[in-house]
Amino acid sequence: MQSATDLELVAAFCKQDERQALGILYQRYGHLVVGLCLDYLKDREAAKDATMDVFEKVTLKVCNQPIETFRAWLFYTSRNHCIDLLRKKIRLRERESKISSELVVESIDADRPLSEERLTMLPDALAKLPAEQARCVKLFYLQGKSYNDVAEATGYDLKKVKSYLQNGRRNLRINLEKMAHEQS
Numbered sequence: 105m106q107s108a109t110d111l112e113l114v115a116a117f118c119k120q121d122e123r124q125a126l127g128i129l130y131q132r133y134g135h136l137v138v139g140l141c142l143d144y145l146k147d148r149e150a151a152k153d154a155t156m157d158v159f160e161k162v163t164l165k166v167c168n169q170p171i172e173t174f175r176a177w178l179f180y181t182s183r184n185h186c187i188d189l190l191r192k193k194i195r196l197r198e199r200e201s202k203i204s205s206e207l208v209v210e211s212i213d214a215d216r217p218l219s220e221e222r223l224t225m226l227p228d229a230l231a232k233l234p235a236e237q238a239r240c241v242k243l244f245y246l247q248g249k250s251y252n253d254v255a256e257a258t259g260y261d262l263k264k265v266k267s268y269l270q271n272g273r274r275n276l277r278i279n280l281e282k283m284a285h286e287q288s
């Protein structure tokens with residue numbers, strides 16, 4: 105089976121569910137996919153994780169798509185996966201920025217935005233919130249869900265969600281202020 109072509113290995117995997125065929129393809133191209141992902145993601149561990157995700161996608165998609173050249177298809181799939189990861193990372197940063205903007209709007213001194221120092225404290229400050237508040241704040245601000253979506257995801261009624269968000273923002277601001285005071 106080692107001497108089989110890429111397309112023969114794909115056919116063996118699709119028709120006979122030969123897992124060994126997929127293993128051979130991984131041996132041939134795994135290191136190249138890691139390298140490609142490393143070029144995009146600039147982080148070795150993230151590149152290794154992305155490679156595993158890509159080969160998981162291969163098992164799900166390879167049999168349903170016409171493939172003329174497996175290597176080209178694999179690199180195209182890998183590139184798209186890395187671009188998706190980068191887009192998610194950008195959206196996460198934008199959502200974190202949205203939280204800091206909300207905190208600025210609610211703060212007493214709204215003319216002064218959150219400092220870089222306070223932005224780095226945000227994950228720890230979130231972790232100190234009561235579970236219900238933290239869950240609602242993360243869904244609403246970090247995942248960009250609407251009030252109704254948060255209510256549906258958590259099982260809380262809409263009024264509870266709004267209350268948890270209001271209290272969560274207030275407590276988050278208080279936590280950030282305490283943490284900043286402790287560091288100074």
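In terms of our numbering, the sequence shown opens at residue 105 and continues consecutively.
Note that CB positions come from ideal geometry on N, CA and C, so glycine has one too.
All figures in this text were calculated on a predicted structure; none of them were measured in a lab.
Residue from the options whose Cα sits closest to the Cα of residue i
i, options, result
"Asp-147", "Leu-189, Ala-116, Ala-125 and Pro-170", "Leu-189"
"Lys-152", "Asp-121, Asp-228 and Tyr-130", "Tyr-130"
"Arg-123", "Glu-149, Phe-159, Asp-143 and Ala-150", "Phe-159"
"Gln-169", "Leu-111, Ala-150, Glu-149 and Asp-143", "Leu-111"
8 Å CB neighbourhood of residue i in its chain, flanking five on each side removed
i, result
"Thr-109", "none"
"Thr-155", "Gly-134, Val-137, Val-138, Cys-141 and Ser-182"
"Gln-247", "Arg-199"
"Leu-196", "Leu-246"
"Phe-249", "Checking the sequence, you will find Lys at residue 249 rather than Phe. Within the same chain, Lys-249 has close Cβ partners Leu-243 and Ala-257."
"Leu-164", "none"
"Ser-162", "Residue identity differs from the one stated: residue 162 is Val in this sequence, not Ser. Cβ neighbours of Val-162 beyond the five flanking positions: Leu-126, Leu-129, Leu-178 and Thr-181."
"Asp-157", "His-185"
Whole-angstrom C-beta distance between residue j and residue i, which should lie under 8 Å
i, j, result
"Tyr-245", "Arg-199", "6 Å"
"Lys-186", "Leu-126", "The residue you asked about is not Lys; residue 186 is Cys in the sequence shown. Going by Cβ atoms, the distance from Cys-186 to Leu-126 rounds to 21 Å, so no, they are not a contact pair."
"Leu-97", "Gly-272", "With the chain represented from 105 up to 288, any question about residue 97 goes unanswered, as that position is not in the structure."
"Val-241", "Leu-269", "6 Å"
6 Å Cβ shell around residue i - same chain, five flanking residues per side excluded
i, result
"Ala-238", "Leu-230"
"Cys-167", "Cys-118"
"Leu-276", "Ala-229"
"Arg-132", "none"
Touching by the beta-carbon criterion (3+ pairs, under 8 Å), the stretch 132-143 and the stretch 177-191: Result yes; three or more Cβ-Cβ pairs closer than 8 Å.
Segment contact, 8 Å Cβ cut-off, at least three pairs: the stretch 272-285 with the stretch 250-259: no
Given 8 Å, three or more beta-carbon pairs between the stretch 164-176 and the stretch 191-200: no
Uninterrupted alpha helix (DSSP H) stretches inside the stretch 110-153 (no shorter than 4 residues): 110-120 and 123-145
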